[in-house]
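Take our numbering: the final residue in the sequence shown is number 267, and no numbers are missing along the way. Just so it is clear, CB atoms sit at the ideal spot from N, CA and C, and this is done for glycine as well.
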Amino acid sequence: MAEQLAKQTNGRAHIILLGRNEEAANKIIAGFPKTDSSVPEHEASKYSFVKVDATSMAQVREVAAKLNGELEKVNFIVATTGFLTTRGRDETSEGIDKKLACNFYARFRFIHDLAPLVEKAAEKGETVGVASVLAAGKGGPVELDDLGLVKDFTLGKAASHASTYNDAAMEAIRFVHLFPGTVTTPMATSIPGAKIVAPLLRFMLMEPDECAQIMWWRMWASASPWSTGAHQINQRGDEVTHNPHVTEEVRKAVWEHALKMTGPS
């Protein structure tokens, strides 16, 4: 997504990558187009990396506070944090499963804390948007007496719950929940056996560049209904049926739960 933004703007962008791997981030940034000296300073390329472990809500809050203090506005937030594992519940010192931490809790806290900066950009009449790249259309029912899956954790439940949590917590803003399909990212190709299976399933796979173009197409849309509200988008950029498991009761419960679990103790 960041690479595509840099390309589409010909480098006239301020992009901040957040993550754990500084070396990987620097390699990505090195491939971004850069403006020359003829471009006004306020439009010149500005790229940076901020290190953060998304399984730690304390770090997430710290980084969000740092960005709030340094930036005047934010136009787009794109949350793609993930945690590839086949283990069962793997709890952090804050009592959150690491997979759920990346797929929902960290995303929620970043978006919640940085939302005022997005609102400032919107007040200037600029295009804004918030996206969570995960599993739109794949959410399942959630147990309100076991939010966070402390009592009964399975990988399947963790995936479907995270998707529904994203839908439930973000509908109050201009939000796009995206299902990218199977994209040939380093995470996907690192799965054991992927290099053998991938050539056989090439027709089902999507290249990162193509996927990002579709996602930004919807993020940048200015016409109704895309310019407002919450949307759930598949890998072709089509709106899918909104999550039927997100009721007002679920929305309220997930919001309160997320604030409690991601806030300071």
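Task: Contacting residues, own chain, Cβ-Cβ under 6 Å from residue 243 (five flanking each side not counted) - done: Cβ neighbours of residue 243 beyond the five flanking positions: none.
Open item on the list: In the DSSP output, which residue or residues are listed as bridge partners for residue 53?
Closed with: 21
Task: Assigned secondary structure, residue 131 (DSSP; H/G/I helix, E/B strand, else coil) - done: strand
Open item on the list: Among the candidates 144, 38, 215 and 210, whose CA atom is the shortest distance from the CA of residue 252?
Closed with: 144
Open item on the list: DSSP has residue 179 in a bridge; who is on the other side?
Closed with: 134 and 234
TODO: Run through the region 70-152 for me and flag every whole beta strand (DSSP E) of 3 or more residues, listed as ranges in chain order.
DONE: The DSSP assignment places 78-81 and 131-135 as complete runs of the beta strand (DSSP E) inside the region 70-152, in order along the chain (cut-off: 3 residues).
Task: Under 9 Å between C-beta atoms of residue 234 and residue 164 - done: no
TODO: Starting from residue 211, trace the alpha helix (DSSP H) both ways and give me its first and last residue.
DONE: 210-221
TODO: Could you check how far apart the C-beta atoms of residue 57 and residue 100 are, in whole angstroms? I think they sit under 8 Å.
DONE: 5 Å
TODO: Along the alpha helix (DSSP H) that carries residue 13, what are the first and last residues, could you check?
DONE: Looking at the DSSP string, residue 13 is not in any alpha helix (DSSP H), and its letter there is neither H nor E.
Open item on the list: Once the 5 residues before and after residue 120 are set aside, which same chain residues still bring their CB inside 6 Å of it?
Closed with: 76 and 130
Task: Spatial distance of residue 89 from residue 155 (CA atoms) - done: Rounded to the nearest angstrom, the two C-alpha atoms are 11 Å apart.
- [ ] Take residue 16 and list the residues in its own chain whose beta-carbon comes closer than 7 Å to its own, dropping the five residues that flank it on each side.
- [x] 48
- [ ] State yes or no: is the C-beta of residue 5 within less than 9 Å of the C-beta of residue 210?
- [x] Yes, these two residues count as a Cβ contact at 9 Å.
Task: Residues bridged to residue 251 (per DSSP) - done: Per DSSP, none; premise fails for residue 251.
Open item on the list: For a test of the three-state rule: what should DSSP assign to residue 159, helix, strand or coil?
Closed with: helix
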